[in-house]
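Quick notes on the structure that follows.
Residue numbers (full-length UniProt numbering): 1 to 433.
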């Protein structure tokens, strides 16, 4: 019996007991479907994260924080008490977190290959007045560094000049300028707005600013509120930190450093920052953390799918053991006609492979269809406010691996009944009734 004959015979034998085969295949389908969905969701979200990183206008930025900040965050959950070191505390912000002052910013600026340092400043805007005189509250203003971390529906990021008072608004703010369609976002560019901020004594001061860009929301949360430029942020911060004509020195929890050729100088920058008790993280580092969480969740769900496949493998064993029992005389006849034990083993193993193949094809196909359709319905429905979002992506190599894993599990499950069939004595098998 040739290999082709073995396969066609195995397929015919599998179809003999349709209900039994159907129930066994369904169990395999469930595992294949779950694996396809979880791997596709993981691939889709990671694809979206990668797209957000690639879409950033300036990926040569490093987020800089005091090293003690990282230690403090770890310390919130660490069980070991740390000995007090007065020299290691540094400046502390109003939130009790180690922060940086102007001297620290200047020290960062002196590091080789750092071109510009933008301190992250929390500013409080009382209201924003549009050209028609309507005033809108600004619950929280974005950081100047976020201007290089968003995609733009119109315009672009503002200048880093200290005397450039510029503003990027989110797409959700277009209605405040009587623009109902994002396609007309260009109409808001170069419009003048008035920013009003209060000092520590409650006195209001105004600043005129120019709208230079319209930002779309990102997975990081950037682009959800108006983003003032570096110069505008500094001006608002000076107002917020002034009392009786005296400006209180700024402290910063974080700063964004623009690096010349980050791909080449990343290791050197991080090492130099460590020497001054600072920690540097690139956008890829931060996004990689999110991707790591997504991958971990995906593997957990993949584990459940593998458990389902393990349960399905017992169904394959049971189905083939019953088949061996029912076809004992047939096995004896095969052997009496000269079929070797190896070919008998191959015949029943192939039946297990056929079950695995059917289950994987149906499960992967069903999972792919549900994933693609579900992704389209969600991103064009409840999640249409998140541009570029991908919840499911098909990766042919991953689907091939899933199919091979399922077929491999089916083959292993079929080895026990196949071995039992191969070791049957032909004379005893022919006598079986």
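Each residue gets a CB set at the ideal place from its N, CA and C atoms; glycine is no exception.
Since I believe residue j is in contact with residue i (beta carbons under 8 angstroms), could you give me their beta-carbon distance rounded to a whole number of angstroms?
i           : j           : result
residue 45  : residue 248 : With 8 angstroms as the limit, residue 45 and residue 248 do not qualify as a contact, their Cβ atoms being about 43 angstroms apart.
residue 162 : residue 116 : Rounded, the Cβ-Cβ distance is 12 angstroms, inconsistent with contact.
residue 211 : residue 181 : Wrong, their Cβ atoms sit about 17 angstroms apart, outside the cutoff.
residue 42  : residue 298 : 4 angstroms
residue 351 : residue 51  : Not a contact, Cβ separation roughly 45 angstroms.
residue 34  : residue 263 : Rounded, the Cβ-Cβ distance is 38 angstroms, inconsistent with contact.
residue 235 : residue 165 : 7 angstroms
residue 214 : residue 155 : 6 angstroms
residue 424 : residue 353 : So it is not a contact: roughly 21 angstroms between Cβ atoms.
Using 8 angstroms as the threshold, is the C-beta distance between residue i and residue j below it?
i           : j           : result
residue 193 : residue 209 : yes
residue 302 : residue 38  : yes
residue 120 : residue 255 : yes
residue 146 : residue 257 : no
residue 436 : residue 28  : Nothing can be reported for residue 436: it is not among the residues displayed for the chain, which extend from 1 to 433.
residue 174 : residue 185 : yes
residue 276 : residue 107 : yes
residue 188 : residue 177 : yes
residue 417 : residue 344 : no
residue 281 : residue 148 : no
residue 144 : residue 118 : yes
residue 237 : residue 200 : no
residue 396 : residue 336 : no
residue 313 : residue 402 : no
residue 128 : residue 195 : yes
residue 406 : residue 360 : yes
Relative to the C-alpha of residue i, which candidate in the options has its C-alpha closest?
i           : options            : result
residue 316 : 241, 404, 414      : 414
residue 473 : 105, 211, 42       : What is shown of the chain runs 1 to 433, which leaves residue 473 out entirely.
residue 65  : 153, 359, 279      : 279
residue 290 : 49, 314, 240       : 49
residue 102 : 322, 406, 252      : 252
residue 386 : 218, 283, 300      : 218
residue 342 : 329, 398, 396, 419 : 419
residue 306 : 323, 340, 31       : 31
residue 270 : 61, 25, 22         : 61
residue 171 : 19, 362, 133, 226  : 226
residue 239 : 8, 264, 124        : 124
residue 376 : 393, 406, 399      : 393
residue 259 : 283, 213, 368      : 283
residue 428 : 333, 287, 374, 228 : 333
Please state whether DSSP places residue i in a helix, a strand or coil.
i           : result
residue 255 : strand
residue 379 : helix
residue 110 : coil
residue 425 : coil
residue 284 : helix
residue 420 : helix
residue 116 : strand
residue 15  : helix
residue 8   : helix
residue 391 : coil
residue 229 : coil
residue 82  : Its pLDDT being 44, under 50, residue 82 is placed unreliably by the model, and the measurement read from it follows with that caveat. Correct three-state label for residue 82: coil.
residue 266 : helix
residue 140 : coil
residue 165 : coil
residue 99  : strand
residue 170 : strand
residue 217 : coil
residue 36  : helix
residue 357 : helix
residue 414 : helix
residue 157 : coil
residue 335 : helix
residue 365 : helix
residue 290 : helix
residue 122 : coil
residue 408 : helix
residue 90  : Bear in mind that the predicted position of residue 90 carries a pLDDT of just 48, short of 50, making it unreliable; the figure below should be weighed with that in mind. In the structure shown, residue 90 sits in coil (DSSP, three-state: anything other than H, G, I, E or B).
residue 2   : coil
Name the one or two DSSP bridge partners that residue i has.
i           : result
residue 129 : 135, 194
residue 61  : 258
residue 278 : 66
residue 207 : 195
residue 342 : DSSP lists no partner for residue 342.
residue 246 : 243
residue 152 : 215
Compute the minimum distance between the beta carbon of residue i and the heavy atoms of the ligand NAP, and state whether it is under 7 angstroms.
i         : result
residue 9 : The model depicted lacks the ligand NAP and carries no ligand whatsoever.
So is residue i in contact with chain D if we call contact Cβ pairs under 8 angstroms?
i          : result
residue 63 : Absence of chain D from the displayed structure is noted, only one protein chain being present.
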